[in-house]
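The block underneath contains the structure these notes are about, expressed in structure tokens.
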């Protein structure tokens, strides 16, 4: 009897422990569908940007100025940059923006040293360590490869010199500022609202995603899906394309065959938007309502085919902002911090003409804010 | 234990004799495609089947090219990079101008010829194992493509270039639609079949793969045969690249993994690694099987990582069953 009871108790104990572990891991894992973050993004989207007109890379949405007088130094400065990688076209454009910004500020910059981590956490940690242990940097810019893994290295760097982080964040407040746009939730809100507005009653939406598990992409989808659910929109599927043109086209073709008609395409990134549209063309179907991104191939197609389209952006101009913030810090001028939220403009029918440029390469990101930088357009692969 | 059972009753051995004449990959393909059709009946319509052929045509062409190298006892891993170079280079040379299409395609075949010849020469005269030599070539060609483009596509492919992979003729009698890609597939595989199974050159390829020393003693120019096999493989990669660029447009990742898929397709089609055995029918059926499997995995919503695992398992089991068949072929 007592034995049986004991075993029962043990079993319950194990169960409880298991539940606790499960709960703990759930709490530790990042929540990609956080109503608070969603509401914050909604609020940011409504805000009027402050700062110089027509230069969104110098503007901010709310936020406070931090005093940087303790970092003040005589120039010219030595800037070091630990880059997560240049392994996709977005990063190629951003990296080009950044180098051009350095050229534009030549008078204030003595040296600009960059280390490419090639998408590897361990390489980036050692890159940061060697920047910190050497004596050749006045300030360190970090574009982290992953959030959690890079946090200790950034914390260690903060003890030695001022740090600016941009794009993906880290789990510490120690950097002087973290420059980034509104982000994934904002993207999801903008795109889903556009589709909700244009979609005919009962229309079918197909979601195309690159891959699961990446925070910036997961939040784009979770925010959009939240709105689709709220508004009772019929999402017939959400598929992973791997960012591959041929696979995207095949998936869309299959959906058109299966459902007869797809009314709208939602995308979490626009690199394969043209392939998705071509699937409709090849099937002899009218073009869908579509949300892509600010890649030129999509914008050119949009203008040419007069699509019902929308392009949210994750602006590459933030790479410029990181240099601007660094120089301000070293000059002792106040910067927005510890989080500097940049505006995240979208491209609509009304503004399309400003951004479309067939002379730029297909995967050039139009929201580069780079037209005033030295070497435009050739430096970005464009034709003069 | 199965061997003793097989040798006892005549129906079993007779069944094996018949099975030996039907390529296993054909059966595998029919079964897989039937499952695809069950899940999504539109694949069973003529237009659906034509579309399937159109999508799998590049892989089938790559497999029939790879077959020459495999049959001659080598591997060609550089295919993937050559496909990428074809798409990226094609977009930069043609520069979205339809007038440039023809000379661009000519230039791309020229590049393919050079890469293939170089592969063959390195393997033949520097005596490098082909798996390593072509792996090196893969890195070189991939690097060249990235340097040429700066890591991101730099232009568009004109519509007449893209027609090979994209254009579909409508209102065709009987079948309804006819993709140009299927036409390219038929022409290429017929040429490959003729080259490997009808000509003396084809016999030499098998002889070199079976036993290079014996082939040499019998008067076969082993090096020349090997170089030619690598050139054919490279030309198939250029053809596949033109079609893939046509189907999906320009992207930098277009070729990744294709060489291994082509080898997997050949293995499924009963081609013996290390040379000496194989058929174009098997390679093409293997490619269709592999593509039907990918389609199936997509339809049931399996993620990419599982797709890779499945491909690996199939490769291993196909090689194992190939070895088994060989042991029991008498």
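Protein chains in written order, with the numbering used here: chain F, 132 to 515; chain C, 13 to 342.
Idealized CB from N, CA, C, for every residue including glycine.
The structure presented is a predicted model; accordingly, all values stated were derived computationally and were not measured.
For residue i, I'd like the list of residues in its chain whose CB is within less than 8 Å of its CB, leaving aside the five on either flank, ordered along the chain.
i	result
residue 268(F)	209, 210, 211, 244, 262, 292
residue 194(C)	62, 65, 66, 69
residue 308(F)	197, 295, 296, 456, 460, 466, 467, 468, 469, 470, 471
residue 302(F)	278, 279, 282
Keeping to the same chain, check which residues put their C-beta closer than 7 Å to that of residue i; ignore five residues upstream and five downstream.
i	result
residue 181(F)	190, 191
residue 127(C)	90, 94, 149, 153, 246
residue 193(F)	178, 472
residue 333(F)	365
residue 5(C)	In the structure as shown, chain C begins at 13 and stops at 342. Residue 5(C) is therefore absent and cannot be evaluated.
residue 44(C)	301, 304, 305, 308
residue 268(C)	92
residue 168(C)	103, 108, 262
residue 176(C)	192, 193, 196, 254, 255, 258
Just how far apart, CA to CA, sit residue i and residue j?
i	j	result
residue 339(F)	residue 386(F)	11 Å
residue 459(F)	residue 288(F)	19 Å
residue 432(F)	residue 438(F)	8 Å
residue 99(C)	residue 266(C)	8 Å
residue 382(F)	residue 370(F)	8 Å
residue 515(F)	residue 491(F)	9 Å
residue 77(C)	residue 107(C)	28 Å
residue 185(F)	residue 510(F)	22 Å
residue 296(C)	residue 200(C)	11 Å
residue 145(C)	residue 118(C)	26 Å
residue 282(C)	residue 249(C)	21 Å
residue 183(C)	residue 189(C)	6 Å
residue 375(F)	residue 239(F)	42 Å
residue 351(F)	residue 424(F)	12 Å
residue 270(C)	residue 222(C)	26 Å
residue 249(F)	residue 54(C)	43 Å
residue 415(F)	residue 331(F)	20 Å
residue 319(F)	residue 426(F)	18 Å
residue 256(F)	residue 265(F)	14 Å
residue 280(C)	residue 216(C)	23 Å
residue 452(F)	residue 232(F)	9 Å
residue 324(F)	residue 358(F)	7 Å
residue 373(F)	residue 342(F)	6 Å
residue 254(C)	residue 275(F)	37 Å
residue 512(F)	residue 328(C)	44 Å
residue 36(C)	residue 138(C)	37 Å
Going along the chain, which residues of its own chain have a beta-carbon closer than 6 Å to the beta-carbon of residue i, five neighbours each way excluded?
i	result
residue 97(C)	153, 157
residue 234(F)	505
residue 176(F)	317
residue 161(C)	100
residue 501(F)	228, 507
residue 226(F)	217
residue 244(C)	77, 80
residue 447(F)	224, 225, 228, 496, 499
Could you give the residue range of the beta strand (DSSP E) that holds residue i?
i	result
residue 480(F)	Unbroken run through residue 480(F): none, as it is neither H nor E.
residue 297(F)	294-297
residue 278(F)	Here residue 278(F) belongs to no beta strand (DSSP E); instead the alpha helix (DSSP H) covers 278-289.
residue 189(F)	From DSSP, residue 189(F) is part of no beta strand (DSSP E); its letter is neither H nor E.
residue 273(F)	270-274
What are the boundary residues of the alpha helix (DSSP H) that residue i is part of?
i	result
residue 187(C)	Neither: residue 187(C) is in no alpha helix (DSSP H) and is coded neither H nor E.
residue 98(C)	91-106
residue 436(F)	427-436
residue 365(F)	Counting along the chain, residue 365(F) falls outside any alpha helix (DSSP H), though it belongs to the beta strand (DSSP E) covering 365-371.
residue 123(C)	113-137
residue 244(C)	234-260
Any beta carbon from chain A within less than 7 Å of residue i's own beta carbon?
i	result
residue 283(F)	The structure shown contains no chain A; its protein chains are F and C.
Inset, instruction - For the segment 199-251 of chain F, list the beta strand (DSSP E) runs that are entirely contained and at least 3 residues long, ordered along the chain. - result: Counting only runs of 3 or more, we get 208-214, 240-247.
Inset, instruction - Ignoring anything shorter than 4 residues or poking outside the segment 456-510 of chain F, list the alpha helix (DSSP H) runs there in chain order. - result: Considered as a whole, the segment 456-510 of chain F harbours 483-486 as its complete alpha helix (DSSP H) runs of no fewer than 4 residues, in chain order.
Inset, instruction - Give, in chain order, every residue of the segment 166-178 of chain C whose Cβ lies closer than 8 Å to some Cβ of chain F. - result: Of all residues in the segment 166-178 of chain C, only 166, 167, 168, 178 come within less than 8 Å of chain F when Cβ atoms are compared, listed by chain position.
Inset, instruction - Report the residues of the segment 209-226 of chain F with a CB closer than 7 Å to any CB of chain C, ordered along the chain. - result: Identification of residues in the segment 209-226 of chain F having a C-beta nearer than 7 Å to some C-beta of chain C yields 217, 220, 223, given in sequence order.
Inset, instruction - Jot down the residue ranges of each uninterrupted alpha helix (DSSP H) in the segment 156-206 of chain C, minimum 4 residues, whole runs only, in chain order. - result: Segments of the alpha helix (DSSP H) lying fully in the segment 156-206 of chain C: 171-178.
Inset, instruction - For the segment 296-339 of chain F, list the alpha helix (DSSP H) runs that are entirely contained and at least 4 residues long, ordered along the chain. - result: Fully enclosed alpha helix (DSSP H) runs of 4 or longer: 315-329.
Inset, instruction - Select from the segment 473-505 of chain F all residues with a C-beta closer than 7 Å to any C-beta belonging to chain C, and list them in chain order. - result: Result list: 492, 493, 494.
Legend entry - Whole beta strand (DSSP E) elements within the segment 277-302 of chain C, 3-residue minimum: Segments of the beta strand (DSSP E) lying fully in the segment 277-302 of chain C: there are none.
Inset, instruction - Below 7 Å between beta carbons is the criterion; list the residues of the segment 51-76 of chain C that meet it against any residue of chain F, in chain order. - result: Considering only beta carbons, the part of the segment 51-76 of chain C lying closer than 7 Å to chain F consists of 52, 54, 60, 63, 67, in chain order.
Inset, instruction - With 8 Å as the limit, tell me which residues of the segment 235-260 of chain C have their beta carbon closer than that to any beta carbon of chain F; keep them in chain order. - result: Of all residues in the segment 235-260 of chain C, 256, 259, 260 have a Cβ within less than 8 Å of some Cβ in chain F.
Legend entry - Residues, ordered as in the chain, of the segment 180-191 of chain C that lie near chain F by beta-carbon distance below 7 Å: Listed in chain order, the positions of the segment 180-191 of chain C with a beta carbon within less than 7 Å of a beta carbon of chain F are 180.
Inset, instruction - Could you list the residues in the segment 379-398 of chain F with a C-beta less than 8 Å from some C-beta on chain C, going in chain order? - result: Flagged, chain order: 379, 380, 381, 382, 384, 385, 388, 389.
Inset, instruction - May I ask you to list, following chain order, the residues of the segment 82-103 of chain C that have a beta carbon less than 7 Å from some beta carbon of chain F? - result: Result list empty, no residue passes.
Inset, instruction - Compile a chain-ordered list of the residues in the segment 286-308 of chain C whose CB is closer than 7 Å to at least one CB of chain F. - result: Going along the segment 286-308 of chain C in chain order, one finds no residue with a Cβ nearer than 7 Å to chain F.
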